[in-house]
Amino acid sequence: MLAIIGGSGLTQLSNLAIVRREVVRTPYGEPSGALTYGSLCSEPVVFLARHGYGHTIPPHRVNYRANIWALKQAKARGIVSVASVGSIGADFSPGALVVPDQIIDYTWGRESTFFEGGETPVKHVDFTHPYDAGLRRRLLAATAAAGEVAVDGGVYAATQGPRLETAAEIDRFERDGADVVGMTGMPEAVLARELELPYAALNVVVNYAAGRSDSAQGIVFDDIEATLQTAMARVRAILEKICHV
Numbered sequence: 001m002l003a004i005i006g007g008s009g010l011t012q013l014s015n016l017a018i019v020r021r022e023v024v025r026t027p028y029g030e031p032s033g034a035l036t037y038g039s040l041c042s043e044p045v046v047f048l049a050r051h052g053y054g055h056t057i058p059p060h061r062v063n064y065r066a067n068i069w070a071l072k073q074a075k076a077r078g079i080v081s082v083a084s085v086g087s088i089g090a091d092f093s094p095g096a097l098v099v100p101d102q103i104i105d106y107t108w109g110r111e112s113t114f115f116e117g118g119e120t121p122v123k124h125v126d127f128t129h130p131y132d133a134g135l136r137r138r139l140l141a142a143t144a145a146a147g148e149v150a151v152d153g154g155v156y157a158a159t160q161g162p163r164l165e166t167a168a169e170i171d172r173f174e175r176d177g178a179d180v181v182g183m184t185g186m187p188e189a190v191l192a193r194e195l196e197l198p199y200a201a202l203n204v205v206v207n208y209a210a211g212r213s214d215s216a217q218g219i220v221f222d223d224i225e226a227t228l229q230t231a232m233a234r235v236r237a238i239l240e241k242i243c244h245v
């Protein structure tokens, strides 16, 4: 069973044939919402809205540990994360789809491990390649099967939020090698790695980042919303295909 975590613009899967919803508890508190079980093209799927089904949980308040633990308990075999991002590199225009292959973590203060010492032994995980190669290939194949094009690879800069970044911060991220910027990629990815859950991301570019192109003087949120809604319809079509690749 595949797990899908939906971000901004994907608080529900309209094409998911829902079977049941389940409220779960974990040793780390409550997840962002009930787990929604159903099927896409006759394949079982469990869906979770990262920010809650009313989009009420800001990025720095998401209980990432509870979310990943709950999906592991649900016997998910892998996680596809859908998230909106801003474009840092000139090659990533609004509306583009990206399947990143690297992360730079700029977040702070988030609960980022299941192994905190004390009575629990510390566990070090290899995070050289933060996204699962096999699941990335499936995402790219599903994108092609849906008649879409996704950028294969890119460096995701994970920021604290919920505010957007300054132009100077975006300049710094570019110098560091980042291509897109978002607020939820970490610690989600490393927590999945700790629980040995394959994890990959489908990023939707919804705007140029601060100081770039038409965001040079500021971010126009109405434009972001319009791009997001159009792009999420394409994302739903891709997710329907991933069950068959």
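All letters in the sequence shown, in the order written, are residues 1 to 245 by the UniProt record's numbering. Note that beta-carbon positions come from the ideal geometry of N, C-alpha and C, so glycine has one too.
Check: Classification of residue 115 by the beta-carbon crowding that lies within 10 angstroms, buried from 16 upward; Outcome: exposed
Check: Proximity below 8 Å, CB of residue 200 to CB of residue 136; Outcome: yes
Check: Buried versus exposed, by CB contacts within 10 Å (16 or more), residue 241; Outcome: buried
Check: When 30, 34, 204 are compared against residue 23, the one with the closest alpha-carbon; Outcome: 34
Check: Residue from 163, 4, 212, 239 whose Cα sits closest to the Cα of residue 79; Outcome: 4
Check: DSSP-derived helix/strand/coil call for residue 229; Outcome: helix
Check: Residue range of the beta strand (DSSP E) that includes residue 207; Outcome: 199–208
Check: Collapsed DSSP secondary structure at residue 59 in the structure displayed; Outcome: helix
Check: Beta-carbon contacts of residue 122 that lie in its chain and below 6 Å, excluding the five residues immediately before and after; Outcome: 115
Check: Residue range of the beta strand (DSSP E) that includes residue 150; Outcome: 150–152
Check: Whole-number beta carbon distance between residue 184 and residue 206, since they are thought to touch under 8 Å; Outcome: In fact, because the Cβ distance is near 14 Å, the residues do not count as touching under 8 Å.
Check: Same chain, Cβ closer than 7 Å to residue 70, neighbours up to 5 away in sequence not counted; Outcome: 24, 26, 31, 35
Check: Residue 182 and residue 87 closer than 8 Å at C-beta; Outcome: no
Check: Buried versus exposed, by CB contacts within 10 Å (16 or more), residue 238; Outcome: buried
Check: CB-CB length for residue 231 against residue 204, believed under 8 Å; Outcome: 4 Å
Check: Selected residue, minimal CA-CA separation from residue 140, among 40, 7, 235; Outcome: 235
Check: The stretch 144–156 / the stretch 98–111 touching (three or more Cβ pairs under 8 Å); Outcome: yes
Check: Cβ-Cβ distance between residue 46 and residue 96 below 8 Å; Outcome: no
Check: Extent of the continuous beta strand (DSSP E) to which residue 212 belongs; Outcome: Segment: none, residue 212 is in no beta strand (DSSP E) and carries neither H nor E.
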